[in-house]
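I have placed the structure first, in the form of structure tokens, so that the comments after it can refer back to it.
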Amino acid sequence: QVQLVESGGGLVQPGGSLRLSCAASGSIFRLYAMGWYRQAPGKQRELVATIKDGGNTILADFVKGRFTISRDNVKNTVYLQMNSLKPEDTAVYYCNANVGLRSFWGQGTQVTVSS
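Residues in the sequence shown are numbered from 2 upward in steps of one, following the working numbering.
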């Protein structure tokens, strides 16, 4: 069982920045494929960014140039740096870990972009 705890969400004005963190349990974090997803009210959950164990990253088109995903295998933590935030980025952001064929989710952290 992998436990994921997100933090860093909050209220920010358009154009602002936030950094989300996701701390994971387990001694083999470096082998996890990690990702961030988001779900806005009334919409389906969608992929924001992923980072594999080797460090390769994938970003959704709607965040390219604004968001960055990274990981620290010593701290067992994955980050999502979000810049130039827009109102349409408002959502609950979820951390995901894939370990072999198993997938784990955090509880989510709310991000609200509003003036």
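C-beta: ideal position from N, C-alpha, C; glycine also. Nothing here was measured: the structure is a model prediction, and the numbers come from that model.
- Taken atom to atom, the span from the alpha-carbon of Ala41 to that of Ser26 is near 27 Å.
- Taking Leu32 as reference, the option from Tyr38, Lys44, Gly55, Ala24 with the minimal CA-CA separation is Gly55.
- Annotated three-state conformation of Asp90 is helix, per DSSP.
- Shortest Cα-Cα distance from Cys23 to any of Gly10, Gly17, Arg39, Leu5 involves Leu5.
- A distance below 6 Å between beta-carbons, with the five flanking residues on each side excluded, links Gly36 to the following residues of its chain, in chain order: Thr51, Asn97.
- If you draw a 10 Å sphere on the C-beta of Leu81, you find 16 or more other C-beta atoms in it, and that means buried.
- DSSP, reduced to helix, strand and coil, places Arg31 within a helical segment of the structure shown.
- Per DSSP, the continuous beta strand (DSSP E) segment holding Ala24 begins and ends at 19 to 25.
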